[in-house]
């Protein structure tokens, strides 16, 4: 046996080593809360999408903007 290793016993290595990082990594992830937070009144929240069309229109436009209301989805 090497010098300074007298305090180590074989029984110390039979128990599994657990650290905080290992325990945290193996924990089950909490589920996401299901919130129904869709707006109920029109024009409370608008979503805007800007898309590249790919070809130039007759007026020289290349982008298309879509604005959608969250409440009515129209």
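In the numbering used here, the protein residues as written are 2 to 75. Positions of the beta carbon are idealized from the N, C-alpha and C atoms, including for glycine. A quick note: this is a predicted structure, and the numbers were derived from the prediction, not measured.
Mind checking which residues open and close the beta strand (DSSP E) that includes residue 52? 47-53
Ordered along the chain, which non-local residues of its own chain (more than five positions away) have a Cβ less than 7 Å from that of residue 57? 63
What separation, rounded to the nearest whole angstrom, lies between the Cα atoms of residue 73 and residue 45? 10 Å
Under 8 Å, do residue 66 and residue 51 count as touching if we go by C-beta distance? yes
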